[in-house]
Each structure stands twice: as C-alpha cells, then as structure tokens.
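Each number in the working numbering corresponds to the 1-based position in the sequence shown with 1 added.
Even glycine gets a Cβ: it sits at the ideal position worked out from N, Cα and C.
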Amino acid sequence: MESASQAAGENALLPNHIAVIMDGNGRWAECHGLPRFEGHIAGVESARSTIRYLNNKYHIKYLTLYGFSTENWNRPPDEVSGILHLFEEVIDEEVSEFHKEKVKLRHLGHLEELPQSLQQTISKALELTKNNTGLTLGFAFNYGGRTEILDAVRHIITEGIPSQNIDEELFNNHLYTAGMPDVDLLIRTGGEFRISNFLIWQSAYSEYYFTDVLWPDFNEKVIDKALLSYRQRQRRFGGL
Ligand code: IPE
Ligand code: IPE
Ligand code: MG
2 MESASQAAGE
12 NALLPNHIAV
22 IMDGNGRWAE
32 CHGLPRFEGH
42 IAGVESARST
52 IRYLNNKYHI
62 KYLTLYGFST
72 ENWNRPPDEV
82 SGILHLFEEV
92 IDEEVSEFHK
102 EKVKLRHLGH
112 LEELPQSLQQ
122 TISKALELTK
132 NNTGLTLGFA
142 FNYGGRTEIL
152 DAVRHIITEG
162 IPSQNIDEEL
172 FNNHLYTAGM
182 PDVDLLIRTG
192 GEFRISNFLI
202 WQSAYSEYYF
212 TDVLWPDFNE
222 KVIDKALLSY
232 RQRQRRFGGL
C-alpha cells in the first residue's frame, strides 16, 4: 500500500494541523486485566511515538493532543491525581528532547486549577521551547471548548473592543490556539463518535477520522490509514 506521504507527492495533501482525542486508555487496561491507570501509562507511550512519527515521517506542522478535559474532573479523585502526576512526569522527562527536536510546546486550557508544581513544570517547558520553529505541539490539558469560547468573550470585553470590530480573525486571536491554524484532521480513537468539547470552534470545518482502536494500541499503521483517508476526501468548504 502506498503511504500517505508517497501518495501526497509534495505533502500538499497532508493536513497542516492534526488534533487527536486520545480515548480508550481505561478500556485497554480493562481488556488486559489491569487497573485503569496502567492504560494511561500505556497511553503515554502511544503519544510519544505518535508525536515522533508525525513529526519525523510526515513533517506535520501543528499537532494538538487532548489529554485532560474540563469534564474529566468528574472522575474519581485517585484517577484524576494519577493523571496529573503522570502528566507532570512526562513533561519533565520529555522537554529537553522536544527542545532538541525544535518542537514548540503550547498549553491549551486553564493552568489555575492545576497543582502548583504542574503549573511550574508547564510554564518552564513553554518558556524553554517558545522560540522553536519546528512542530508546534499543543497539549490540551484541563481544556474545554466551551470554556475557551467564554474566555475569549471575556477577554474581548475586558479589552473594550467595539462590537463592529469583532470578526472571526479577531475571535481566533483570543482563543487558546491563537496563531495556530484551524484543525484539518481530527482523529478520535476508542470507538466513540463524539468530540467531547474539544476544539469546537477550530474544528468547524475539519475532516473527522474515527477508529475503534484504543489509544494505547494506536500506531504507525493507523496513522498512515488516517492520512490516506484524509487525502481521499474532497474538502469543499461550502463551495462546489
Ligand atoms: C482517555 O482514555 C484518557 C483521558 C480521558 C484522560 P479514557 O480514560 O477515557 O479511557 P476509556 O474511554 O475509559 O476507555
Ligand atoms: C475525551 O475523552 C477527553 C480526552 C481524551 C482527554 P473522555 O473519555 O473524557 O470523553 P467522553 O466522556 O467519552 O465523552
Ligand atoms: Mg474515554
């Protein structure tokens, strides 16, 4: 089978911005007779290899990963604190490697509700990588699409911007993703057909790719398939 990058020739038909809802960690663990948390640990490995593959093989410019939603606080406290700790550990471990690979990190979501030490770890990682010119890697952590839109509205009002000046471009520039392009391809693993409050403004005209594969089992083959599928879509944006 030809790969999406071969098929795309000069990569013109590759998405500029890919967003991923990394779902199915808990069910993966259950299938393997393991506690849910082992699924999150396995999910980190998938995230690592996905980032590297999309960066090194396809040279994707923008990748956004959904790691923790504003609704995920509704989970049992043990699972929540496990995820928060795991995330802090991963950033700590990975940040210098990302920096070497010229990856620029962006955090999408609210920092305030996160533990102090995680806030500091995130801030340090953003600061270290802020001038990098390679892949922009957004991690949506404590992210909610509706909250993002409300935050944008609040900022616009606080800045006293007159209503006649509010257009889509201005609104875009007040979202967490300011400066990032719209999502071209949104992938969800884990077999659910919903977007769970993820990038609802930015994915208004995205192509969607849903797969039953559980996030810890996500691999290069599935990525190739998703990109091939994307390439075969006809994006019309309302035109002909
Ligand atoms: C996604 O996997 C990771 C997070 C939401 C943090 P889940 O934990 O939602 O796994 P399932 O959907 O229960 O299998
Ligand atoms: C979406 O997954 C959030 C993340 C992957 C971080 P959920 O498992 O929380 O979504 P629902 O509950 O199935 O909508
Ligand atoms: Mg889930």
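Remark: fewer than three beta-carbon pairs, one from each stretch, lie closer than 8 Å, so the segment 148-159 and the segment 35-47 are not flagged as touching. Three or more beta-carbon pairs drawn from the segment 202-218 and the segment 15-30 are found closer than 8 Å, and the two stretches are therefore classed as touching.
In the assembly as shown, Trp216 is a buried residue. Its beta-carbon has 16 or more other beta-carbons within 10 Å. Runs of the alpha helix (DSSP H) spanning 4 or more residues and lying entirely within the segment 94-136 occur at 117-130, in chain order.
The C-beta distance from Tyr210 to Ser230 rounds to 6 Å, short enough to fall under 8 Å. DSSP, reduced to helix, strand and coil, places Gly44 within a helical segment of the structure shown.
For Arg107, the closest C-alpha among the options Tyr177, Ser118, Asn57 and Ala48 is that of Tyr177. The C-beta separation of Tyr144 from Tyr63 comes to about 15 Å, leaving the pair out of contact by the 8 Å criterion. The set of residues with any CB-heavy atom separation to ligand 1 below 7 Å comprises, in chain order, Met23, Asp24, Gly25, Asn26, Gly27, Arg28, Trp29, Arg37, Gly40, His41, Gly44, Gly68, Phe69, Ser70, Asn73, Ile84, Gly191, Leu215 and Trp216.
Between Asn56 and Leu136, the CB-CB gap stays under 8 Å. The count of Cβ pairs closer than 8 Å, one atom from the segment 171-187 and one from the segment 94-105, stays below three, leaving the stretches out of contact.
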